[in-house]
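Novice: Please read through the structure below; I'll follow up with questions.
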């Protein structure tokens, strides 16, 4: 009991100090000396899990401050707050990446979550919802491909009816570090993703082009996003290697990639999904906004 | 004044001086080591086809170019005249054998290759140049496993002479998606497997950053993991193989820092095709971008 209480106190203290730290950093950013997106060629958005301990409301305030228009992959319970701040949710979360359409016995569960989320998206003007293939678990490529096509075909009419796009995310299967890669994830290839989408053949089923994952699996980012522009519903960012800041400490030169995205006439959003390693996360977030505001 | 205190303080001061000197010594040694590991700059001659080699050498020296590469032996005297190195000597060929598409992956090319590479190795050794490029050739229906075996068989016939002469044979990794359709040595994993099959310090790979970004991406991780098999690096903007500046998707300074951190002591060869009119200015910019 004693230990438990002590550890609870410790956690509370750590939490308090983290919030104080965060609050002071947010205030520092609010005090000026920060970059505000102004060019309007790329609509930016913040993913939230990667910026913890910043909270969703913290990030929403920063978005407003930095000229960013969306907070994404957050549940419907946050959408009224976003709306109040004049923000969008560019893409809604749904079932997690561990389950998906590669596995027939997971179809029913994924469809149930997606249908409910699509209805909510339609009601709140959220244009896109995420989906995943899940893991391969020993299936042949052929079988996993067929299963994924079959699953997405089941949700396509519902997505079309509600005019909400389902975005299948491609993830890297090479990096064996938690939340930096997903070994055995089935849909780890952009060519494969687009082959699947061509079979599903719905304007409301597309791919989430995560620049970090694509760089790890394939490279040739600009050529690929030009080649597949008609199939891309959303973009994510992060530095490589490491999924950290998108600045010049890593190999992906983001400004020309953003210009290439703008040149494809893309009107959707680019979600910042890097995990800051610098102590001042707010500064890193602001810097990412500047880098992508081409 | 307490003499003891005074003495103590003198000792303390002396200790500080000694410690400072030692620290300074360390710092100087570290700075020296870092200076030795600066990226050495080279440029590929073919990217400046309309500029006489003499002019390219003279201009390059002004901004720190230390080598012009992919030279034929007939060019050696020119770079030497300027006090420049040739970090990678061009390939020999006879009736098309030895070129990118027709090389070591075919057994029927080996007799010719042994002959022409033996001669070229001697020319390199005589000139004091240490690295000589070579290619796998195109697949032309050959599977990767057989292609690898054939390359190893052919290269092993030449390596005794290369080892004796202190010349490294360096097989280039090229992209087969855009520029060299069907080229076999198009993935770093295949090249590394070939290095392991051969097992000689005198056979390594040319990791062309442009080509490998097109084929596989994940540049820094690959360099960190496999650098012991990479004897040379090339640059180029992606997409398009033009200037390596902010018009393309690779962040070259970060990649150069990763190369430097591996302890690399070789050269980085600029191998982009300048798009702008002032090609020498583009080369200068490339060298500056890779100066870290």
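Chains as they are written, first to last, in the numbering used here: chain A, 5 to 298; chain B, 986 to 1277. Heads up, the beta-carbon is just placed ideally off N, CA and C, and yes, glycines get one too. Computed from a prediction, not measured in an experiment: that's the story for all the values here.
Go through its chain and collect everything with a Cβ distance to residue 1270/B's Cβ below 7 Å, but skip five positions before and after it.
Specialist: Closer than 7 Å at Cβ, skipping near neighbours: 1228 and 1230.
Novice: Against residue 1024/B, what residues of chain A qualify as contacts under a CB-to-CB distance less than 7 Å, listed in chain order?
Specialist: Chain A residues near residue 1024/B: none, gap ~16 Å exceeds 7 Å.
Novice: Quick one: what does DSSP say residue 314/A is sitting in, helix, strand or coil?
Specialist: What the structure shows of chain A is the stretch from 5 to 298, and residue 314/A is not part of that stretch, so it cannot be assessed.
Novice: Between the alpha carbons of residue 1077/B and residue 216/A, how many angstroms are there, rounded?
Specialist: Rounded to whole angstroms, residue 1077/B to residue 216/A spans 40 Å at the Cα level.
Novice: I need the boundaries of the beta strand (DSSP E) containing residue 70/A, first residue and last residue.
Specialist: No beta strand (DSSP E) contains residue 70/A, which is instead part of the alpha helix (DSSP H) from 60-70.
Novice: Output the boundary residues of the alpha helix (DSSP H) element that contains residue 1243/B.
Specialist: Per DSSP, residue 1243/B belongs to the alpha helix (DSSP H) from 1237-1246.
Novice: Could you pull the DSSP bridge partners for residue 48/A from this structure?
Specialist: DSSP output for residue 48/A lists 274/A as bridge partner(s).
Novice: Throw me the rounded Cβ distance for the residue 273/A and residue 238/A pair, which I believe falls under 8 Å.
Specialist: Going by Cβ atoms, the distance from residue 273/A to residue 238/A rounds to 6 Å, so yes, they are a contact pair.
Novice: Roughly how many angstroms lie between the CA atoms of residue 1254/B and residue 1220/B, to the nearest whole one?
Specialist: Approximately 6 Å, taken between the alpha carbons.
Novice: On the CB-based measure, 16 or more other CB atoms within 10 Å of its CB, does residue 1006/B come out buried or exposed?
Specialist: A caution first: residue 1006/B carries a pLDDT of 48, below 50, which makes its placement in the model unreliable, though a value can still be read off. When all chains shown are included, residue 1006/B counts as exposed.
Novice: Between residue 280/A and residue 249/A, is the Cβ-Cβ spacing less than 8 Å?
Specialist: Yes.
Novice: Note down, in chain order, every chain A residue with its Cβ under 8 Å from the Cβ of residue 1233/B.
Specialist: Near residue 1233/B (Cβ distances below 8 Å), the residues of chain A are 226, 257 and 260.
Novice: Compute the beta-carbon to beta-carbon distance between residue 233/A and residue 270/A, rounded to the nearest angstrom, for a pair I have assumed lies under 8 Å.
Specialist: That belief holds up - the Cβ atoms of residue 233/A and residue 270/A are roughly 7 Å apart, short of 8 Å.
Novice: Could you spell out where the alpha helix (DSSP H) holding residue 78/A opens and where it closes?
Specialist: Looking at the DSSP string, residue 78/A is not in any alpha helix (DSSP H), and its letter there is neither H nor E.
Novice: Check whether the Cβ atoms of residue 298/A and residue 262/A lie closer than 8 Å to each other.
Specialist: Yes.
Novice: For residue 150/A, name the three-state secondary structure that DSSP assigns.
Specialist: Helix.
Novice: Assign residue 40/A to one of two classes, buried (16 or more other C-beta atoms within 10 Å of its C-beta) or exposed (fewer than that).
Specialist: When all chains shown are included, residue 40/A counts as exposed.
Novice: State the DSSP-derived secondary structure class of residue 1060/B, mapped to helix, strand or coil.
Specialist: The answer is helix: DSSP assigns residue 1060/B an H, G or I state.
Novice: Taking the alpha carbon of residue 185/A as the point to measure from, which residue in 194/A, 76/A and 174/A has its own alpha carbon closest?
Specialist: When only C-alpha atoms are compared, the closest one is 174/A.
Novice: What residue from 1079/B, 1183/B and 1126/B has the CA that sits closest to residue 1136/B's CA?
Specialist: Here the closest residue by C-alpha is 1183/B.
Novice: For residue 1156/B, which three-state DSSP category applies?
Specialist: It is a strand residue.
Novice: Only counting runs of 3 or more residues, tell me where the beta strand (DSSP E) segments fall wholly within the segment 1151-1202 of chain B, in order along the chain.
Specialist: Listed in chain order, the complete beta strand (DSSP E) runs (minimum 3 residues) inside the segment 1151-1202 of chain B are 1153-1157 and 1188-1193.
Novice: If you measure beta-carbon to beta-carbon, which residues of the segment 1232-1264 of chain B are closer than 9 Å to chain A?
Specialist: Residues passing the 9 Å Cβ filter: 1232, 1233, 1234, 1235, 1236, 1237, 1238, 1239, 1240, 1242 and 1243.
Novice: So, helix, strand or coil for residue 1210/B, using DSSP?
Specialist: Residue 1210/B falls in the helix class under three-state DSSP.
Novice: Whole beta strand (DSSP E) runs in the segment 187-232 of chain A with 3 or more residues, listed along the chain?
Specialist: Whole beta strand (DSSP E) segments, 3+ residues: 209-214.
Novice: Using only CA atoms, which one of 1094/B, 1057/B and 1266/B lies nearest to residue 1258/B?
Specialist: Nearest of 1094/B, 1057/B and 1266/B to residue 1258/B, Cα basis: 1266/B.
Novice: Going by CA-CA distance only, name the one from 130/A, 91/A and 80/A that's closest to residue 74/A.
Specialist: Nearest C-alpha to residue 74/A: 91/A.
Novice: Would residue 46/A count as contacting chain B if we go by Cβ distances under 8 Å?
Specialist: Residue 46/A does not count as touching chain B.
Novice: Report the option in 1070/B, 1100/B and 1203/B whose CA atom is closest to the CA atom of residue 245/A.
Specialist: The shortest C-alpha separation from residue 245/A is found at 1203/B.
Novice: List the residues of chain B whose Cβ lies closer than 9 Å to the Cβ of residue 252/A, in chain order.
Specialist: Ordered by position in chain B, the residues that pass the 9 Å Cβ test against residue 252/A are 1236, 1238 and 1239.
Novice: At least one CB of chain A closer than 8 Å to the CB of residue 1228/B: is that the case?
Specialist: Taking Cβ atoms only, chain A never reaches closer than 8 Å to residue 1228/B, which makes this a no.
Novice: Please name the residue or residues paired with residue 1025/B in a DSSP beta bridge.
Specialist: DSSP output for residue 1025/B lists 1252/B as bridge partner(s).
Novice: Can you tell me whether DSSP reads residue 1079/B as helix, strand or coil?
Specialist: If DSSP states are grouped into helix, strand and coil, residue 1079/B belongs with the strands.
Novice: Please report the residue range of the beta strand (DSSP E) in which residue 1052/B lies.
Specialist: Segment 1052-1054, the beta strand (DSSP E) holding residue 1052/B.
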